[in-house]
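Numbering (the working numbering), first residue to last: 2 to 281.
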């Protein structure tokens, strides 16, 4: 990451926050930050190579997932969000693009650029339009419940192929989200419909996951009746889908770029103490 671009965009504090959060996280379904360092011109995050690609890539390839496969991915996401929320962290950008598959087909939640520790309410509008909760758009403050809303949108999308809030422009999308109105596909099972309806409650106080028992209410929902949560956590299950890889370094599940930005490392550091916290 270019120090100059980060400095010019005034994102130094945001990047330091992301680094500090990722450095502290240790959970099976969250991408670990292995190492961070800097030179005179760039900052570096060293993450494990996850060759399976992101869920968005696979969703566009298959158009939609069968319910059992979507359930498998959502189970792991529930556990990842439960872990984050136990640390008073809100991810704020839950979506298929931020879920990456490892070589075996298990997920890793990634991209903590919007993640924030929230003890009460926060007010910043951030995230991806189609996944934003109505209270985030209202300007009245929000908390951890926004992640459960985003997960509900994502669950809908995994099984249907599109999110419930697809409009011609961002403003129209925001307007629909704030009405809380969407059409439930008829091919969804009864339990799936019920879970999505409970996740996409416009009032945070009525949204499952945001009751006193937190994620436990989601885990006890009939949609997950056959799930043994400890087996999911310990990976004592066989993933329903495993990405085909030619070799451990296969990059076929990632986009290719025709041009690469040239890298020039300056002889001196002109940014003074701004990035001192990036020394390992």
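Positions of the beta carbon are idealized from the N, C-alpha and C atoms, including for glycine.
- Cα atoms of residue 156 and residue 190: separation of roughly 13 Å, rounded to the nearest angstrom.
- Note on the stretch 49 to 83: whole alpha helix (DSSP H) runs with a minimum of 4 residues are 56 to 63, in chain order.
- Of the candidates 179, 280, 162, the residue whose Cα lies closest to the Cα of residue 185 is 162.
- Rounded to whole angstroms, the separation of the alpha carbons of residue 8 and residue 14 is 10 Å.
- Between residue 146 and residue 205, the CB-CB gap stays under 8 Å.
- Annotation: residue 249 to residue 105 spans about 11 Å, alpha carbon to alpha carbon.
- Taking C-beta atoms under 8 Å as the contact rule, residue 30 and residue 77 qualify, at a distance of about 5 Å.
- By the criterion of at least three beta-carbon pairs nearer than 8 Å, the stretch 115 to 122 is not in contact with the stretch 56 to 72.
- Check the Cα spacing between residue 241 and each of 37, 35, 183, 74: the tightest is with 74.
- Residue 24 carries a helical assignment under DSSP once its states are collapsed to helix, strand and coil.
- Distance from the CA atom of residue 231 to the CA atom of residue 238, rounded to whole angstroms, is 10 Å.
- A residue is called buried when at least 16 other Cβ atoms come within 10 angstroms of its Cβ; residue 180 does not meet this threshold and is exposed.
- Counting C-beta pairs closer than 8 Å gives fewer than three between the stretch 54 to 64 and the stretch 195 to 212, which falls short of the contact rule.
- Here DSSP, grouped into helix, strand and coil, assigns residue 39 to strand.
- Segment contact: the stretch 33 to 45 against the stretch 129 to 142, fewer than three CB-CB distances shorter than 8 Å; contact not assigned.
- A check of alpha carbon separations from residue 109 across 27, 203, 10, 174 identifies 27 as the nearest.
- If you check the CB distance, residue 4 and residue 225 do not come in under 8 Å.
- Residue environment: residue 107 is assigned as buried (16 or more neighbouring CB atoms within 10 Å of its CB, all protein chains considered).
- Listed as beta-bridge partners of residue 264 by DSSP are no residues whatsoever.
- Each residue's CA atom was taken as its position, placing residue 137 and residue 143 some 6 Å apart.
- Partner residues in a beta bridge of residue 147, as assigned by DSSP, do not exist.
- Taking the Cα of residue 22 as reference, the smallest distance to any Cα among 62, 254, 88 is reached at 88.
- Residue 163: not part of any alpha helix (DSSP H); DSSP gives it neither H nor E.
- Assignment of residue 204 by DSSP, reduced to helix, strand and coil, places it in the coil class.
- The C-beta separation of residue 20 from residue 37 comes to about 6 Å, placing the pair in contact by the 8 Å criterion.
- According to the DSSP assignment, residue 175 belongs to the alpha helix (DSSP H) that extends over 171 to 180.
- Residue 44 is positioned such that its CB atom lies no closer than 8 Å to that of residue 258.
- In this structure, 82 is the residue among 18, 82, 277 with its C-alpha nearest to the C-alpha of residue 100.
- Nearest in C-alpha terms to residue 160, of all of 63, 12, 10, 276, is 63.
- Only exposed fits residue 223, as fewer than 16 other CB atoms lie within 10 angstroms of its CB.
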